[in-house]
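A short worksheet on the structure shown next.
Residue numbers (the working numbering): 428 to 659.
What follows is the structure, given as structure tokens:
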């Protein structure tokens, strides 16, 4: 039978809790809860269901203080590592770290102040917690959108590069990167470019893929194509 995949492209390896990501580690699966994180029981119920379905890591939103307080109760009871999804307020990232999460996701298009980003990276460094630079075509920094004439693969990769530079200023390298888009062709080209630009692990995903069956088709088309090329 013909080989269906290319050799896997080498990357650094990081750890999200007990789960190795990148390097020679198996491809890990991450999903996200849809509950209010402050609702501890409902969120844990979803986490257990996702873990039973095969999720290795689960992401929960941390968009308010009540969510951070919920995470403090969720993390010790979760069967899998928990990543906090932070968008606009660096204080929520700091609160999530204090709650004991195993990883952070920061969106460079929404959290833009360099001093705040460096502060979060410094705290994550001191705690040994990785950060995903979660670039999203739909929330690209306006300056990059203008410079590149839209949300192009080059613009998405440059957004990640700029965030990495801020992390490097405080000696933080425990990073994985995503360059998501709702357009599958844009997503594929962005990840191809990112795989050439970075040696960090790449977190694959199609943003706003939607519910099944359309969401399954979009997600599979994008992710499977890249995995077959040894990316991710």
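All residues carry an ideal CB built from backbone N, CA and C; glycine is no exception.
| query | Expressed to the nearest angstrom, what Euclidean distance is found between the alpha-carbon atoms of residue 504 and residue 627? | reply | In the chain shown, counting from the first residue as 1, residue 504 sits at position 77. In the chain shown, counting from the first residue as 1, residue 627 sits at position 200. Rounded to whole angstroms, residue 504 to residue 627 spans 30 Å at the Cα level.
| Rounded separation between residue 472 and residue 506 - CA only | Locating residue 472 in the chain shown gives position 45, counting from the first residue. Locating residue 506 in the chain shown gives position 79, counting from the first residue. Cα-Cα distance, rounded: 11 Å.
| task | Name the residue from 617, 493, 624 whose alpha carbon lies nearest to the alpha carbon of residue 653. | result | Your numbering for residue 653 matches position 226 in the chain shown. Selected option, being the one with the closest Cα: 617.
| query | Is residue 520 closer than 8 Å to residue 485 when the C-beta atoms are compared? | reply | Position 58 of the chain shown holds residue 485. Position 93 of the chain shown holds residue 520. Contact: no.
| field | Residue range of the alpha helix (DSSP H) that includes residue 586 | value | Start at 1 with the first residue of the chain shown, and residue 586 comes out as number 159. Residue 586 -> alpha helix (DSSP H) spans 580–596.
| query | Any idea what DSSP makes of residue 447, helix, strand or coil? | reply | Looking up residue 447 in the chain shown gives position 20. If DSSP states are grouped into helix, strand and coil, residue 447 belongs with the strands.
| Among 642, 462, 467, 437, which one has its Cα closest to the Cα of residue 454? | Within the chain shown, numbered from 1, the residue matching residue 454 stands at position 27. Comparing Cα-Cα distances from residue 454 to each of 642, 462, 467, 437, the minimum goes to 437.
| query | Are the CB atoms of residue 611 and residue 587 nearer to each other than 8 Å? | reply | The sequence position of residue 611 within the chain shown is 184, counting from 1. The sequence position of residue 587 within the chain shown is 160, counting from 1. Cβ atoms of residue 611 and residue 587: not closer than 8 Å.
| message | Our contact map puts residue 597 next to residue 545 with C-beta atoms below 8 Å; I'd like the distance itself, whole angstroms only. | response | Counting from one through the chain shown, the residue named residue 597 turns up at place 170. Counting from one through the chain shown, the residue named residue 545 turns up at place 118. At roughly 5 Å, the Cβ-Cβ gap stays under 8 Å, so residue 597 and residue 545 are in contact.
| said: Buried or exposed, going by whether 16 or more other CB atoms sit within 10 Å of the CB of residue 429? | reply: Against the chain shown, residue 429 aligns to sequence position 2. The predicted model places residue 429 with a pLDDT of 42, which falls under 50 and marks its position as unreliable, so this point remains unresolved.
| request: Kindly confirm or deny that the region 570–578 and the region 522–530 touch, where touching means at least three C-beta pairs closer than 8 Å. | output: no
| Neighbourhood of residue 549 by C-beta distance below 8 Å, restricted to the same chain and skipping five residues each side | Along the chain shown, read from residue 1 onward, the residue named residue 549 stands at position 122. So the qualifying residues of the chain are 597, 599.
| Endpoints, beta strand (DSSP E) assigned at residue 607 | Mapped onto the chain shown, residue 607 falls at position 180. Here the beta strand (DSSP E) through residue 607 covers 602–607.
| said: At the level of alpha carbons, what is the spacing between residue 442 and residue 606? | reply: Taking the first residue of the chain shown as position 1, residue 442 is located at position 15. Taking the first residue of the chain shown as position 1, residue 606 is located at position 179. For residue 442 and residue 606, the distance between alpha carbons rounds to 20 Å.
| query | Taking one C-beta from the region 452–470 and one from the region 490–498 each time, how about it: are there three or more such pairs within less than 8 Å? | reply | yes
| task | Excluding the 5 residues preceding and the 5 following residue 566 in the sequence, name in chain order all residues of the same chain whose CB lies nearer than 7 Å to its CB. | result | Within the chain shown, residue 566 is the residue found at index 139, counting from 1. So the list reads 534, 536, 537, once near-sequence residues are dropped.
| request: Going by CA-CA distance only, name the one from 487, 630, 530, 512 that's closest to residue 555. | output: The residue given as residue 555 occupies position 128 in the chain shown. Checking every option, the nearest Cα to that of residue 555 belongs to 530.
| query | In three-state terms, what does DSSP make of residue 455? | reply | Translated into the one-based positions of the chain shown, residue 455 becomes position 28. Of the three classes helix, strand and coil, the one that applies to residue 455 here is coil, per DSSP.
| said: Along the chain, where does the beta strand (DSSP E) containing residue 512 start, and where does it finish? | reply: Counting from 1 along the chain shown, the entry for residue 512 is found at position 85. Segment 509–513, the beta strand (DSSP E) holding residue 512.
| request: Apply the 10 Å Cβ neighbour rule to residue 445 and answer buried if 16 or more other Cβ atoms are within range, or exposed otherwise. | output: For the purposes of this step, residue 445 is taken as residue 18 along the chain shown, with counting starting at 1. Residue 445 is exposed by the Cβ-count criterion.
| Three-state secondary structure (DSSP) at residue 658? | Residue 658 sits at position 231 when you count from the first residue of the chain shown. Residue 658 falls in the coil class under three-state DSSP.
| said: Please report the straight-line C-alpha distance between residue 640 and residue 614, rounded to a whole angstrom. | reply: In the chain shown, counting from the first residue as 1, residue 640 sits at position 213. In the chain shown, counting from the first residue as 1, residue 614 sits at position 187. So the two alpha carbons sit approximately 19 Å from each other.
| Bounding residues of the beta strand (DSSP E) (the contiguous stretch that carries residue 562) | As a position in the chain shown, residue 562 is number 135, starting the count at 1. Counting along the chain, the beta strand (DSSP E) containing residue 562 begins and ends at 558–563.
| message | If you follow the beta strand (DSSP E) that residue 611 is in, where does it begin and where does it stop? | response | Working through the chain shown from its first residue, we reach residue 611 at position 184. Not the beta strand (DSSP E): residue 611 falls in the alpha helix (DSSP H), residues 611–624.
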